[in-house]
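K.L.:
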Amino acid sequence: MTVSANWYLSLGAVLFSIGALGLLIRRNVLIMFMCVELMLNAANLTFVTFARELNDIGGQVLVFFVLVVAAAEVVVGLGIVVAIYRRRSSTSADDLHAMKG
Amino acid sequence: MPTLLGGVLAAPLLAATHASTVDVLTFAVAATIVLAGAVGVVMAPNPVHAALFLIMTLFGVAVLFVAQRDDFLAVVQVIVYAGAVVVLFLFVIMFLGVDREENRAVEPLRGQRPLAVALVALGLTGLVLLGQIAHWATGQPSTSGVANGTEPNVNLLGQSVFTTYLFPFEVTSALLVIAVVGAVVLARRPASAGDDEVGIDATGAIESGDDTAEEGDVLEGDAADPAGRDGHAEDADDVEDEVAP
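Protein chains in written order, with my numbering: chain H, 17 to 117; chain P, 240 to 484.
1) In whole angstroms, what is the alpha-carbon distance linking H288 of chain P and Q379 of chain P?
2) Quick check: the Cα distance between Q398 of chain P and S33 of chain H, rounded to an integer number of angstroms?
3) Which value, in whole angstroms, describes the spacing of the CA atoms of F311 of chain P and L348 of chain P?
4) Identify every run of the alpha helix (DSSP H) within the segment 292-332 of chain P, keeping only runs that are complete inside it and at least 4 residues long; order them along the chain.
5) Alpha carbon to alpha carbon, what distance is there between V273 of chain P and F81 of chain H?
6) With a cut-off of 8 Å on the beta carbons, I'd call I294 of chain P and A321 of chain P a contact; round off their distance for me.
7) Does the segment 329-336 of chain P come into contact with the segment 300-308 of chain P, if we say contact requires no fewer than three beta-carbon pairs (one atom in each stretch) closer than 8 Å?
8) Kindly list the residues whose CB is nearer than 8 Å to the CB of G455 of chain P, restricted to its own chain and excluding five residues on each side of it in sequence; keep chain order.
9) In the structure shown, what three-state DSSP assignment does N387 of chain P receive?
10) Could you confirm whether any beta carbon from chain P is found closer than 7 Å to the beta carbon of V19 of chain H?
11) Kindly list, in the order they appear in chain H, the residues whose Cβ is closer than 9 Å to that of E341 of chain P.
12) Using a Cβ distance threshold of 8 Å, determine whether the segment 377-393 of chain P contacts the segment 67-80 of chain H, with at least three qualifying pairs required.
13) Beta carbons nearer than 8 Å to chain P: which residues of the segment 53-65 of chain H have them?
14) Indicate whether N285 of chain P and E340 of chain P have their beta-carbon atoms separated by less than 7 Å.
15) Give the straight-line distance between the Cα atoms of Y101 of chain H and G95 of chain H, rounded to the nearest whole angstrom.
16) Ordered along the chain, which non-local residues of its own chain (more than five positions away) have a Cβ less than 6 Å from that of V457 of chain P?
17) So that I know if they touch, is there some Cβ in chain P lying closer than 7 Å to that of V84 of chain H?
18) Report yes if the CB atom of L54 of chain H is closer than 7 Å to the CB atom of A355 of chain P, and no otherwise.
19) How is the alpha helix (DSSP H) around G397 of chain P delimited, first residue to last?
20) Just how far apart, CA to CA, sit I417 of chain P and V263 of chain P?
21) For S108 of chain H, does the three-state DSSP call read helix, strand or coil?
22) For a contact defined as C-beta to C-beta under 8 Å, what are the partners of D111 of chain H on chain P?
23) At the level of alpha carbons, what is the spacing between M48 of chain H and G35 of chain H?
24) Report yes or no: is there a C-beta of chain H within less than 7 Å of the C-beta of R349 of chain P?
25) Would you check if the distance between the CB atom of V359 of chain P and the CB atom of L37 of chain H is smaller than 7 Å?
26) How long is the line joining the alpha carbons of A258 of chain P and T265 of chain P, rounded to whole angstroms?
27) At 4 residues or longer, what runs of the alpha helix (DSSP H) sit wholly inside the segment 37-93 of chain H?
28) Could you check whether the Cβ of P286 of chain P sits closer than 7 Å to any Cβ belonging to chain H?
29) Please state the DSSP three-state secondary structure of Y404 of chain P.
30) Taking a contact to mean a Cβ-Cβ separation below 7 Å, would you say V98 of chain H touches V79 of chain H in this structure?
31) Check whether the Cβ of V345 of chain P lies closer than 7 Å to any Cβ atom in chain H.
32) When the Cα of V326 of chain P is compared with those of H:V90, H:V45, H:H113, H:V85, which residue comes out closest?
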């Protein structure tokens, strides 16, 4: 018998909150990406917990897809970061005001 | 230190559930590692340290996957996330040379941090509250197979991916190809400024049309002179202005 699902779900919620907080307060685009990864991991943890709790393999399959999408997102995102760094020599979100009205 | 904290946490956990001591200790230690790593990612001033804290969190999540009998995803988590994604992060950090510490004392947007904390606290409270009062679990029977059985986790997952979720799985391959192509396009250097000038010159020459035939000798004569191209471009503009009305 494993630990109750409530504990896993609470941990997932707290992990997601920390990730969201980091995304809101940090200014380095790379660290903001890492915070997005934290949030994705919190979602994965919740999916796996529900897969066990509801006895449904669909939750684990969805985690599998989230992993793939996260990898693709990181590849494209870091490509954009490198492209921006070439133009502005900075990875701070404050410097990205080219589309400011 | 994590073990001590785990022991302190274990008492109420053990009382609240009927889990075995080993399970509770595993969860407590892994949860401590996960949260410490997450806080480290958010607080670390140096991006390299943040990436290392991220690895810590990812390992903790992998341990929690194993604790829930989800062995395959735990392995994938370590290989893909901790192995590939974080290495990619570190590679970009080193490549760009942005691994110096960020000055976090200054707060460019006044009140951003308190507002962020308040927003996140509000969101978390709302989530927990909704989780208590709402009935999100519909109780519908699973359409994709059972998760808890005597069969190994890999068999169950593979069977589901290649039957129920076959089409999404194929779409995933298209997504990966698009991501690779996108990364290659983004990583290529944009056409240099010199190429652009040539392009404009070529367009100007085409637009000026008969003008090039008349001034062909002038162009050849000025070929050695760097200013000759500019002069010709100006001529082309003049001709356009004359033609326009």
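All C-beta atoms, glycine included, are put in the ideal place defined by N, C-alpha and C.
P.N.:
Reading off the structure:
1) The straight-line gap separating the alpha-carbon atoms of H288 of chain P and Q379 of chain P is approximately 44 Å.
2) Approximately 34 Å between the Cα atoms of the pair.
3) When rounded, the distance between both Cα atoms is 44 Å.
4) For the segment 292-332 of chain P, the full-length alpha helix (DSSP H) segments reaching 4 residues or more read 310-315 along the chain.
5) For F81 of chain H and V273 of chain P, the distance between alpha carbons rounds to 22 Å.
6) With a Cβ gap of about 5 Å, I294 of chain P and A321 of chain P count as contacting.
7) Contact fails: fewer than three Cβ-Cβ distances are below 8 Å.
8) Interpretation of G455 of chain P is limited by its pLDDT of 42, a score under 50 that renders its predicted location unreliable; no figure is taken from the coordinates.
9) In this structure, N387 of chain P counts as coil in the three-state DSSP scheme.
10) With 7 Å as the cut-off, V19 of chain H counts as an interface residue toward chain P.
11) Result: R42, R43, N44, I47, S108.
12) The segment 377-393 of chain P and the segment 67-80 of chain H touch, with no fewer than 3 CB-CB distances between them shorter than 8 Å.
13) Against chain P - using a Cβ distance shorter than 8 Å - the residues of the segment 53-65 of chain H are E53, L54, N57, N60, L61, V64, T65.
14) Less than 7 Å separates the beta-carbon of N285 of chain P from that of E340 of chain P.
15) Spanning the two alpha carbons is a distance of roughly 10 Å.
16) Residue placement at V457 of chain P is flagged as unreliable, the pLDDT there being 44, under the threshold of 50; the coordinate-derived value follows with that caveat. Around V457 of chain P: no qualifying Cβ.
17) Interface residue, yes.
18) Taking the C-beta atoms as reference points, A355 of chain P is found no nearer than 7 Å to L54 of chain H.
19) Taken as a continuous stretch (DSSP letters only), the alpha helix (DSSP H) holding G397 of chain P covers 392-400.
20) When only Cα atoms are considered, I417 of chain P and V263 of chain P end up about 43 Å apart.
21) Of the three classes helix, strand and coil, the one that applies to S108 of chain H here is strand, per DSSP.
22) The contacting residues do not exist; D111 of chain H stays about 11 Å from chain P at best.
23) Those two C-alpha atoms are separated by around 9 Å.
24) The beta-carbon of R349 of chain P is placed no less than 7 Å from the nearest beta-carbon of chain H.
25) In terms of Cβ geometry, V359 of chain P and L37 of chain H form a close pair [threshold 7 Å].
26) Looking at the two C-alpha atoms, the distance is approximately 11 Å.
27) Listed in chain order, they are 45-69.
28) Taking Cβ atoms only, chain H reaches closer than 7 Å to P286 of chain P, which makes this a yes.
29) The answer is coil: DSSP assigns Y404 of chain P none of H, G, I, E or B.
30) Result no, Cβ atoms of V98 of chain H and V79 of chain H do not sit closer than 7 Å.
31) No, its Cβ sits nowhere closer than 7 Å to a Cβ of chain H.
32) The shortest C-alpha separation from V326 of chain P is found at H:V90.
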